[in-house]
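Take 1422 as the starting number for the sequence shown in my numbering and just add one per residue.
For glycine and all other residues, C-beta sits at the position ideal for the given N, C-alpha and C.
Data first, discussion second: the structure below is written as structure tokens.
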Amino acid sequence: MDTSSATTPPPVVAKASTPYTRFQDTLKRVIGKIDMNDAERAFFMEPQHIHKKDIAVQLDNGTTQMLPAFRVQFNNARGPYKGGIRFHPEADEAEVKALAALMSIKTAVVNIPFGGAKGGVQVDPKKLSKSELQKVARAYVQAFVDHVGEDIDCPAPDVNTNPIIMAWMRDEYEKITHTFSPAVITGKPLSFGGSLGRDTATARGGFFILEEMIERAALDPDELKVAIQGFGNAGMSMAHFLHNSGYTVVAVSDSQGGIYSPDGIDPVRIEKYKRKTGAVAGEYCEGSVCDIQRMKIDGVEHITNEQLLELPCDILIPAALDNVITSENAAKIKAKYILELANGPTTPEADAILDRRGVSIIPDVLANAGGVTVSYFEWSQGRSGEQWTAEKVDRELKRVILDGYKSVRREARREEMTYREAAFSVGIKRMLDAMRARGWV
Ligand code: NAD
1422 MDTSSATTPP PVVAKASTPY TRFQDTLKRV IGKIDMNDAE RAFFMEPQHI
1472 HKKDIAVQLD NGTTQMLPAF RVQFNNARGP YKGGIRFHPE ADEAEVKALA
1522 ALMSIKTAVV NIPFGGAKGG VQVDPKKLSK SELQKVARAY VQAFVDHVGE
1572 DIDCPAPDVN TNPIIMAWMR DEYEKITHTF SPAVITGKPL SFGGSLGRDT
1622 ATARGGFFIL EEMIERAALD PDELKVAIQG FGNAGMSMAH FLHNSGYTVV
1672 AVSDSQGGIY SPDGIDPVRI EKYKRKTGAV AGEYCEGSVC DIQRMKIDGV
1722 EHITNEQLLE LPCDILIPAA LDNVITSENA AKIKAKYILE LANGPTTPEA
1772 DAILDRRGVS IIPDVLANAG GVTVSYFEWS QGRSGEQWTA EKVDRELKRV
1822 ILDGYKSVRR EARREEMTYR EAAFSVGIKR MLDAMRARGW V
């Protein structure tokens, strides 16, 4: 069943908190301060299109599993829809809608010519074989092929999806449409139309902002301690950038928990054990059984993901899932700076508590915009047939992301807003200008 719809924004009614209502909380606070009429305001409250299908995937044991799949296209006033595809057991419509909305704000904050979208498949990819995973990827494209295209909507990787999956998806799209479409999907392998620097782009963009912020605050990286939740694409790359620049990474974690060492941990060593054992604590622990003696000698503690957030450190970097900093733990967070590499890690209630406590938050729509920025570079290279050098990608990423940071800082100062509100304000105003220019509103 395809329940695609071009939605006329319905009135917003109070309901239990979901990722989307949390997005709307911030949105409503900010659009109340922007000069726009009711019709314009309604445009921001709901996505333009919600596409949903149950995709059928035949498993290796011969049975067929139906998986709920989503593509939400929030707004394309500024350019083709753009946003990742997530494979996760908890991916649902509210989550994908919220992520699509954040993508629209994000592309506008860094001023790249895209709109915002997001995709998801409700599946646990850890339970699938490689061939089953490939079937899910191809079935996703078959389901949404009419809504995707180089000038229409360009997907990318997100949680639990990677360059190999993007390559399968591009291949499926080209097979169905009988086209050569290297720009239809970004985050592809280098050998199949990818861009240099895309694998580390999300962390690299966040790192550039952090460096600028630390310099402006006249702080010394050598004296700063950082805790990072999540050791995947975003978190692991960030740990390397920080460690190599003199910061002390005191803790990292993955879905199985983490490790903490006040004197600092070496991300190269952690990566080695993560690859070998599947866990960041793999050097010391097998499941929940840890070699306490060895941990004591090395000055390392095994911690939970909840404990990581409350550790003594200067900078906290959520780089895993959403909704982890809440009203329950916001008062216990000791970091003075939070850089949101994950999407939606902080609830609005936690935001307010942290703001009152003077904690500076670089919000997701700015902090992790490096990924979509280099996706834009990859898309441009796909369209032109050019291959940029790693130096050019790095230089252009730094320029684009720091321009975005500057716009947000200015807006925060001028409107006396938090950085999150200011980022939303910058993004919404740019989207509004484009919608007005098109005569939509
Ligand atoms: P990933 O799949 O590569 O890594 C996710 C990490 O989170 C893994 O280390 C995993 O073990 C850990 N994790 C999973 N469940 C957890 C839990 N319950 N508690 C703690 N850790 C858990 O994903 P990624 O690409 O690094 O994405 C991480 C976050 O960054 C997501 O919020 C994603 O939307 C956001 N993001 C990623 C990109 C990108 O280009 N990869 C771009 C923008 C935003």
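Simplified DSSP state of residue i, which is helix, strand or coil
i	result
ASP1785	helix
SER1674	strand
ILE1599	A small fix is needed here, since residue 1599 is His in this sequence, not Ile. Reduced to three states, the DSSP call for HIS1599 is coil.
ASN1496	strand
THR1429	In this prediction, THR1429 has a pLDDT of 39, which is less than 50 and means its spatial position is unreliable; what the coordinates show is noted afterwards. Of the three classes helix, strand and coil, the one that applies to THR1429 here is coil, per DSSP.
GLU1727	helix
GLU1707	strand
THR1442	helix
PHE1535	coil
THR1607	coil
THR1447	helix
PRO1584	helix
GLU1467	coil
ARG1619	coil
MET1457	coil
ASP1592	helix
VAL1701	coil
LYS1755	coil
ASP1684	coil
GLY1614	coil
ASP1641	coil
LEU1853	helix
Residues of its chain near residue i, where Cβ-Cβ distance is below 8 Å and the 5 sequence neighbours each way are ignored
i	result
GLU1799	ALA1604, THR1607, GLY1608, LYS1609, GLY1614, GLY1615, SER1616 and ARG1619
ASN1750	GLU1727, LEU1730, GLU1731 and ALA1771
ALA1855	ALA1498 and ARG1499
Residue i - containing beta strand (DSSP E), residue span
i	result
ALA1477	1470 to 1479
ALA1577	1574 to 1578
TYR1758	1758 to 1760
Alpha helix (DSSP H) segment containing residue i, residue limits
i	result
ASP1815	1811 to 1836
TYR1694	1688 to 1698
ARG1778	Here ARG1778 belongs to no alpha helix (DSSP H), and DSSP marks it neither H nor E.
LYS1556	1551 to 1565
ARG1804	1791 to 1805
LYS1527	1514 to 1530
ASP1719	1713 to 1719
GLU1636	1622 to 1637
Residues near residue i by beta carbon distance below 6 Å, same chain, minus five either side
i	result
PHE1444	ALA1519 and ALA1522
GLY1651	ALA1740 and ALA1741
VAL1721	ILE1680 and SER1682
LEU1760	GLY1627, LEU1631, ILE1738, ILE1783 and ALA1788
CB of residue i within 7 Å of CB of residue j, strictly
i	j	result
ALA1660	VAL1670	yes
ASP1719	LYS1646	no
GLU1595	SER1602	yes
ASP1365	PRO1501	No answer is possible for residue 1365: it lies beyond the span of the chain, which begins at 1422 and ends at 1862.
VAL1821	ALA1843	no
PHE1491	SER1525	no
LEU1488	VAL1542	yes
ILE1754	THR1767	no
GLN1677	ALA1700	yes
LEU1737	ALA1756	yes
PHE1625	GLY1792	Before going on, a small fix: residue 1625 reads as Arg here, not Phe. Not closer than 7 Å, so no.
GLY1765	PRO1440	yes
GLU1707	TYR1694	no
VAL1557	VAL1493	no
ILE1506	THR1621	no
Other residues of its chain near residue i: CB distance less than 7 Å, five sequence neighbours each side excluded
i	result
THR1429	Since pLDDT at THR1429 reaches only 39, below the 50 mark, its modelled position is unreliable, and the value read off the structure follows with that caveat. Answer for THR1429: no residue qualifies.
PRO1769	ARG1443, ASP1446 and THR1447
GLY1803	PRO1603, ALA1604 and GLY1614
MET1457	LEU1853
MET1838	GLU1832 and SER1846
ALA1564	LYS1474, ILE1476 and ALA1490
Residues that residue i bridges to, as DSSP identifies them
i	result
GLN1650	SER1674 and PRO1739
GLY1860	Note: GLY1860 sits in no beta bridge, so no partner.
PHE1508	VAL1542
GLN1486	VAL1478
GLY1679	SER1674 and ILE1724
LYS1503	CYS1575
GLY1570	ASP1574
THR1669	LYS1646
PHE1491	LYS1473 and GLY1541
ILE1746	THR1767
C-beta neighbour in chain D for residue i, strict 7 Å
i	result
HIS1568	Of the chains in the structure shown, none is chain D; there is only one protein chain.
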